[in-house]
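Q: Could you have a look at this structure, given as structure tokens, before my questions?
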Amino acid sequence: MSNVSTYALRMARLSAQIFGEVVRPTDSKSMRVVKLFSEQPLAKREEVYNWYPPHNTYHGLMKKLRYFGLYRDEHQDFKEEMRRLKKLRGKEKPKKGEGKRALKKK
Numbered sequence: 023m024s025n026v027s028t029y030a031l032r033m034a035r036l037s038a039q040i041f042g043e044v045v046r047p048t049d050s051k052s053m054r055v056v057k058l059f060s061e062q063p064l065a066k067r068e069e070v071y072n073w074y075p076p077h078n079t080y081h082g083l084m085k086k087l088r089y090f091g092l093y094r095d096e097h098q099d100f101k102e103e104m105r106r107l108k109k110l111r112g113k114e115k116p117k118k119g120e121g122k123r124a125l126k127k128k
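Numbering (this note's numbering), first residue to last: 23 to 128.
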């Protein structure tokens with residue numbers, strides 16, 4: 023039988039509860055689970071959520087640099103050239119309200 027009074031046990035449990043420790047005595051297997059749950063979640067760790075660079079920011083900067091003529095985006099140049107050539111041949115997309123369905127109603 024333990025020599026600790028019930029009052030001392032209750033105060034020890036209350037102290038453990040207040041300071042975020044394990045309230046009741048547990049074995050090493052259960053303490054491993056307690057340790058796992060007390061750690062910060064993987065998704066909230068800074069080294070995890072800052073792993074990839076901020077692509078949205080970089081994209082906006084590159085668009086501005088391209089607009090000022092300081093960066094050459096060959097893929098975007100190609101897409102604009104294809105759009106320009108389609109327009110010259112009369113194959114561009116109709117503006118809103120000028121499609122086949124809108125012309126049929128008139």
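Ideal Cβ placement from N, Cα and C applies to all residues, glycine included. Just so you know, these numbers come straight off a predicted model, no measurement behind them.
Can you list the alpha helix (DSSP H) stretches of 4 or more residues lying completely in the region 51-77, in chain order?
A: You should have 68-71.
Q: Could you tell me which uninterrupted alpha helix (DSSP H) segments, each at least 4 residues in length, are contained entirely in the region 94-128, listed from first to last along the chain?
A: Complete alpha helix (DSSP H) runs here, min 4: 96-111 and 122-127.
Q: Measure the CB-CB distance between valine 44 and valine 26 and report whether it falls below 8 angstroms.
A: Not a contact, by the Cβ cut-off of 8 angstroms.
Q: Closest to proline 47 by CA distance: which of Phe41, Lys101, Ser60 and Leu31 is it?
A: With distances taken between Cα atoms, proline 47 lies closest to Leu31.
Q: So methionine 84 packs on tyrosine 93, CB below 8 angstroms; how close in whole Å?
A: So it is a contact: roughly 6 angstroms between Cβ atoms.
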